[in-house]
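So the structure is just underneath, and the comments pick up after that.
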Amino acid sequence: GYAVSEMAASNALLWASDKTTRRINHDGEIAPKAVQIAGADPDMMAQAARFNVERGAQIIDLNMGCPAKKVCNVAAGSALMQTPKRIAEIIQSVIKAVGADGIPVTLKMRTGWDREHRNAPEIARMAEDLGIAMITIHGRTRADKYQGMAEYDTIAEIKSHSGVPIVANGDIDSPAKALAVLRHTSADAVMIGRAAQGRPWIFRQIDHYLNTGELLADPSEAEIAGWLRDHLQDHYAFYGESTGVRTARKHIGWYLKGLHGAKVFRDALNQLESTESQLRAIDAFFNHRYESEFRQAA
41 GYAVSEMAAS NALLWASDKT TRRINHDGEI APKAVQIAGA DPDMMAQAAR FNVERGAQII
101 DLNMGCPAKK VCNVAAGSAL MQTPKRIAEI IQSVIKAVGA DGIPVTLKMR TGWDREHRNA
161 PEIARMAEDL GIAMITIHGR TRADKYQGMA EYDTIAEIKS HSGVPIVANG DIDSPAKALA
221 VLRHTSADAV MIGRAAQGRP WIFRQIDHYL NTGELLADPS EAEIAGWLRD HLQDHYAFYG
281 ESTGVRTARK HIGWYLKGLH GAKVFRDALN QLESTESQLR AIDAFFNHRY ESEFRQAA
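When the letters of the sequence shown are read in order and numbered with our numbering, they come out as residues 41 to 338.
This is the structure in structure tokens:
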């Protein structure tokens, strides 16, 4: 398995921004280095693919699944599912730009724009004919956003006619769910998204269960504390002090979800403005003394 980068803009005017610069920085990443690019212009997408390959990308993933309003408003992300012709132009342009270097181009999409227009099977056949190496499908339409439950019948239909690997995505939040989705769809793999937020061990649990049928126990609080601290140290090093502190808050919240006292702690944690104070507060939380020591962390 492998992880894919955060969605990177295809607009060259944004490549020098701090946000995009971080997203296309692949130093130290574990191979294969997969970069997801988003946009609606075939030439710009090709340039973005070339730009990222020159900086170490080993797989280019095309985003046609993002339901965010700001992305769809510029005809990118899942909005592209309304224009199959434009999808074909983007795929052809990107493959032409990086295919000669042996770079696989993959596709991430939803089942359609809305439930009345579930055209993912047609797009999948077209994409395969054009040379897409793998297709990941999220089991919702753009109109669904993240509401309701993902459906997997469309993914199963695509898999039944596909000659390239198909990856199932959507609401896969446990080893048992992963196995159920694989059996229902006959997909070659599953992709984990939101369920990994604050739970990086979910990949180990799913892999172990699929290979052995045995469920691994959830980590202890001590193990969670260690993973969280390591994650934060990497996070701060990557984002820097100011941005690191602000963006770490949501990650801390995800790690602590379900633990005793987490809600009160998160509310107070949001007032901290330094990496050092965040780390001290985390140590105090897991040592069950945060109520008395929290003010010192601040």
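Even for Gly, the Cβ is constructed at its ideal location relative to N, Cα and C.
Starting from the C-beta of residue i, find all residues in its chain whose C-beta is less than 7 Å away, skip the five residues before and the five after it, and write them out in chain order.
i, result
"residue 189", "211"
"residue 337", "Model confidence at residue 337 stands at a pLDDT of 49, short of 50, so the residue's coordinates are unreliable and nothing is read from them."
Tell me which same chain residues have a C-beta within less than 8 Å of the C-beta of residue i, skipping the five on either side of it?
i, result
"residue 17", "One cannot answer for residue 17 here, as it falls past the ends of the chain, which runs 41 to 338."
"residue 87", "50, 52 and 137"
"residue 41", "229, 243 and 247"
"residue 139", "145 and 171"
Can you tell which of the options has its C-alpha closest to the C-alpha of residue i?
i, options, result
"residue 69", "89, 43 and 88", "43"
"residue 147", "160, 233, 224 and 282", "160"
"residue 315", "122, 45, 81 and 275", "275"
"residue 230", "247, 256 and 111", "247"
"residue 288", "301, 306, 45 and 88", "306"
"residue 270", "194, 98 and 292", "292"
"residue 110", "286, 241 and 49", "49"
"residue 121", "94, 177 and 133", "177"
"residue 129", "95, 158, 84 and 204", "84"
"residue 221", "195, 203 and 265", "195"
"residue 184", "156, 236 and 73", "156"
"residue 126", "102, 158 and 225", "102"
"residue 76", "285, 175, 151 and 141", "175"
"residue 209", "203, 191, 200 and 197", "191"
"residue 261", "300, 124 and 141", "300"
"residue 213", "234, 205 and 253", "234"
"residue 286", "239, 237, 309 and 107", "309"
"residue 80", "108, 92 and 114", "114"
Inspect the beta-carbon positions of residue i and residue j and report whether they are closer than 7 Å.
i, j, result
"residue 117", "residue 78", "yes"
"residue 20", "residue 137", "Outside the displayed span of the chain (41 to 338) sits residue 20, for which this structure offers no information."
"residue 82", "residue 45", "no"
"residue 59", "residue 96", "no"
"residue 419", "residue 182", "Beyond the ends of the chain as shown, which are 41 and 338, falls residue 419; an answer cannot be given."
"residue 206", "residue 199", "yes"
What are the boundary residues of the beta strand (DSSP E) that includes residue i?
i, result
"residue 150", "145-150"
Along the alpha helix (DSSP H) that carries residue i, what are the first and last residues, could you check?
i, result
"residue 99", "No alpha helix (DSSP H) holds residue 99; the beta strand (DSSP E) holding it covers 99-104."
"residue 76", "Per DSSP, residue 76 belongs to no alpha helix (DSSP H); it is in the beta strand (DSSP E), 74-78."
"residue 82", "82-93"
"residue 69", "No alpha helix (DSSP H) contains residue 69, which DSSP labels as neither H nor E."
"residue 347", "Since the displayed the chain opens at 41 and closes at 338, residue 347 lies outside it and no answer follows."
"residue 123", "Careful: residue 123 lies outside any alpha helix (DSSP H) and carries neither H nor E."
"residue 281", "281-296"
"residue 309", "302-309"
Once you ignore the five residues that flank residue i on each side, which residues in its own chain have a CB closer than 6 Å to its CB?
i, result
"residue 119", "112"
"residue 245", "215 and 256"
Return yes when at least one heavy atom of the ligand MN lies under 6 Å from the C-beta of residue i, else no.
i, result
"residue 179", "Looking for the ligand MN in the displayed structure turns up nothing, as the structure carries no ligands at all."
- Item | beta strand (DSSP E) segments (min. 3 residues) lying fully within the segment 133-219 | Along the length of the segment 133-219, whole beta strand (DSSP E) runs at least 3 residues long occupy 145-150, 174-178 and 206-209, reported in chain order.
Unbroken alpha helix (DSSP H) runs of length 4 or more, entirely within the segment 220-269: which are they? Every alpha helix (DSSP H) stretch that sits fully inside the segment 220-269 and reaches 4 residues is listed by chain position as 242-252.
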